[in-house]
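Residues -23 to -1, 1 to 792, numbered by mature numbering (1 follows the signal peptide of the UniProt record, and there is no 0), are exactly what the sequence shown covers, in order.
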Amino acid sequence: MKKKLLSITASILLFVQGAPVLADSVVFDDIESSYAKDAIKELQGLGMVNGVSDTAFAPTSMISRQDFAILIAKALQLDVTKPPSTATFKDIPVSHYAFPYVEALVRAKVFQGREQNIFGVGEMLTREQLAVVLVRGKQLLSTSRDTNLPFEDRNEISDWAKADVQTVHEAGLMVGDGTYFAPKRAVERQELALVVSRLLHLADHNAIASGVIESITDQSVTINQHTYAKGETVKGLLGQSNAPILIGAVISFETEGASVTKITSLELHKDGQAVEGDEKEFSRNLVLDGQGYMMDGNMDVKADYITVQNLQVSGNFRIGDELKNDFYGKNLQVKGTTIVDGGSSHTVVFDNSALEKVEINKTEVRVEPSGSTSVNEIVVNSNAVVTADAGVTIPKLTVNDGAARVEIDANVASLNLQSSQDSVVSGTGNMGTVTVSGSAGVTFQTTGTITKVEITNKDAKVTLPAGVKIQSLVLPDGVAAADLIANYSAVSGQISSVTSASGQALAGSRSSSKSSSSKQARGTVTGNVYYGTANKPLANASVTLQGLNAATAADGSFVFADVLSGAGQSLSVTADGFAPNPYTAVIDIVSGQTTAVPAIVLTSSTNHAPVVIQAIPKQTIALNGSGVIFNLSERIQDEDGDALKFTVVSLSPKVAKVELNGSELKVTPVAAGTAIINITANDGRGKTASSLFNVTVTAAAVNHDPKLAASGIPDQSAYANGAEVSLDLTQSFSDEDGDALTFQAASSNEGSVAANVYGNWLRLKPLQAGVSTVTVKAEDGKGGKTDASFIMNVTAPPAVNHDPKAAKTIPDQTG
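Now the structure itself:
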């Protein structure tokens, strides 16, 4: 591809109006003020550019459309030996010197006419036309599907050119002046030189690209009018048998040379059909057969009546809301999340598939894993039906807010109900552990077995199904069964055991709880267990008080909500791997009040060294930059919870200096060079960890002021109310750093001369007789600027000279 690129760009630039000159002997004397001077010299040194004479390059000369057509046809090595017998364009007849080249480009879909049957012979090639030809000839593809051009004159870009202007802008080939693209302006030779120079420094294109699939043959696939060969790994997925569903699909892919070698994402957009009469379900679906292909990315189904089979997807697999009815997946493997945003009461089936996580967002959809399908987790965010074959058990099913009615006709090992809105759970599936952590009401209308119901939220209100045996009911500490189970009196006989979260057996009724608590004064005890010098929360530690047990939560907290009051109560904490084990304390419990136990801090039995969990990678910073900052506590941690003390040393402080504020490290550049930064973390108990990283400080780039041409801006003259004077400021100003320049202009006598800047053009309107000094300021956006002034003299238009008139008719005379 690189060789093809060079042949194209070389042929484009070898547009000569004079004899070719050897590159090493050419000294162009007309490019010093050209903004593309460096690019012209580079291409000159490569032997890729000729001048119009021995010493002239003619940087501001322009190129006609027909001459450019000849060059690009030769560059693309198109066959021009068999032109058609009739001309496509009226202004390029069969006899025209460019006829065979123009027709070859039309056949290759690289060049089109300016309008119907008109090529535009004699017209100059414009910037937007160059963008289109670069994209078509080089088969460049945009990385974005949206046209979001940053130019203020974007509305002046023709609709047929906007996507291609976007592409060359993204590639950095044609960037405008930073504000305007100037799509209709003719392309100059210096401009073309700059574009070619950028092409030479651009990596091969199409390493990663995207587009719409337009056609598929045995050996090739056409995407956005560009035809690619099919690499061995993608031949199955991009086979002709998949053409009915793939035509119109949006694809992201990688290439090597002119071949598609890898598919990184796929969007399906073409609908199948609904079955009729007694036809088998899904029989009219459009089918995508991956033939075992592993797609390294995401897949999106944005169509209805779709079947996808024999495909592996490393990313997410989404069924979009464009799917209103049926989806059938067979032999699918999805490593990411399978997202169901589409479907209805019609079935979304996954047959003999392996899915990690399924997220159901579409209301009233029916999702069915069948055959030998395995699903690690299903998350339900809307009203839905989850069904599965008898041999399929769903390990985990979570019901979130948005799901008010969920029907579960599948075996579920763990059902988690964490909604804050009232919900109804129905169905025939058998449940293992049902956990209710939400604060709302939950009504079970299920008929399958339930092994265990655990309620962790004291605000929940649960209605259990009648006639269903429940082996175990677990309630929060300090709460009776009748407080949380709305129909407890009716279903208590179905429950084998009722215990608190801490393992205490409960009678369950509200009345018995009240009567027992009234016999003796009681209180509440709370506390937290931590470990290490950094006081990290310790979860799952066992806390014992008055024969009751409680496990600490993730934040290290524990609660005994209803215990006997009294002084000198013994509380103990045990945790494997921590000391002391057990930890004991004596507390006083006050009747009717909450007793807060002082923070309990344990120490790890074995002291572990700190661990570098994320080393700082090599850094490159500019000398005039502000430096870089890192939070060391996020990169080096201690599993014992010990507070770490950091020390940091720069081994080359004359290159980069370091500042440490607690765990925040700041590295500041001092001079160009490379420094090694050494970090040490000490846990205060004899264990340390060290980490090194390199910092390269690059010399600050010198920004040069824009340059004014030696000739400056010539003085101007005009008649009052005469024609506007236009000056191209790029002929007077240049920037050796290649920075895009912006211009401002001011007239000292605005009553005589109005001065306005439009992009790179200065417009001078003569208003009335007078003299004005016009000052133009050029700025590069990086602090560099240059001023230039010139005189504009506006004079009154010359008086109109009238022919002599006879004051009185001279009578005829006789003598």
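Glycine is no exception: its CB is placed at the ideal position from the N, C-alpha and C atoms.
For residue i, which of helix, strand or coil comes out of DSSP?
i, result
"D123", "Any reading at D123 needs caution, since the residue's pLDDT is 48, under 50, leaving its predicted position unreliable; the model's value is listed next. The answer is coil: DSSP assigns D123 none of H, G, I, E or B."
"F76", "helix"
"I222", "helix"
"P781", "coil"
"L642", "strand"
"Q422", "strand"
"L332", "strand"
"V109", "helix"
"N358", "coil"
"N393", "strand"
"residue 796", "Since the first residue of the chain shown is -23 and the last is 792, residue 796 is not available in this structure."
"F45", "helix"
"I690", "coil"
"A170", "helix"
In whole angstroms, what is the alpha-carbon distance linking residue i and residue j?
i, j, result
"P781", "G699", "28 Å"
"D136", "V145", "15 Å"
"N778", "E713", "53 Å"
"G155", "H681", "18 Å"
"I656", "V644", "12 Å"
"P594", "T665", "20 Å"
"L541", "R499", "4 Å"
"M101", "A13", "20 Å"
"T750", "S725", "5 Å"
"A527", "S474", "18 Å"
"E636", "A658", "15 Å"
"A226", "I283", "13 Å"
"V285", "L126", "37 Å"
"L739", "D705", "6 Å"
"T501", "V439", "25 Å"
"S218", "Q196", "13 Å"
"E431", "A599", "59 Å"
"A776", "A33", "44 Å"
"F128", "Y157", "5 Å"
"T521", "V578", "16 Å"
"D378", "Q471", "29 Å"
"V625", "V362", "58 Å"
"Q721", "L265", "59 Å"
Which residue or residues does DSSP assign as beta-bridge partners of residue i?
i, result
"Q653", "It is Ile, not Gln, that sits at residue 653 in the sequence shown. According to DSSP, I653 bridges with N671."
"F5", "Answer is none; F5 lacks a bridge partner."
"T561", "S549"
"M276", "L243, F294"
"N388", "T370"
"residue 799", "As shown, the chain starts at -23 and ends at 792. That puts residue 799 outside it, with no answer to give."
"R740", "S703, N733"
At which residues does the beta strand (DSSP E) containing residue i begin and terminate?
i, result
"residue 799", "This structure does not reach residue 799, given that the chain is present from -23 up to 792, and the question cannot be answered."
"H203", "203 to 207"
"K239", "236 to 245"
"D266", "263 to 272"
"G313", "304 to 317"
"T791", "Element bounds for T791: n/a, residue is neither H nor E."
"A528", "525 to 528"
"Q289", "283 to 290"
"V376", "370 to 376"
"T412", "408 to 413"
"K762", "762 to 772"
"I590", "Where I590 is concerned, there is no enclosing beta strand (DSSP E), given that its DSSP letter is neither H nor E."
"R499", "499 to 508"
"P346", "342 to 347"
"T752", "747 to 756"
Just reading off the alpha helix (DSSP H) that residue i is part of, what are its end residues?
i, result
"L628", "Element bounds for L628: n/a, residue is neither H nor E."
"L20", "14 to 22"
"E147", "136 to 147"
"A459", "458 to 461"
**OP:** Count the CB pairs spanning the stretch 236 to 243 and the stretch 275 to 282 that are closer than 8 Å, and state whether there are at least three.
**Re:** Taking one beta carbon from each stretch, the stretch 236 to 243 and the stretch 275 to 282 have 3 or more pairs nearer than 8 Å; the two touch.
Original post:
At a cut of 8 Å, does the stretch 598 to 618 reach the stretch 634 to 641 through at least three beta carbon pairs?
Top reply: yes
**OP:** Could you say if the stretch 31 to 43 and the stretch 60 to 67 meet the contact criterion of at least three C-beta pairs nearer than 8 Å?
**Re:** no
Original post:
Pairing CB atoms from the stretch 475 to 483 with CB atoms from the stretch 564 to 573, are three or more of them under 8 Å?
Top reply: Touching, no.
Original post:
Looking at C-beta atoms only, is the number of pairs between the stretch 358 to 374 and the stretch 411 to 423 that lie closer than 8 Å three or more?
Top reply: no
Original post:
For the stretch 146 to 165 against the stretch 200 to 214, are there 3 or more C-beta pairs whose distance is under 8 Å?
Top reply: no
Original post:
Just checking, does the stretch 299 to 306 make contact with the stretch 319 to 331 on the three C-beta pairs under 8 Å criterion?
Top reply: yes
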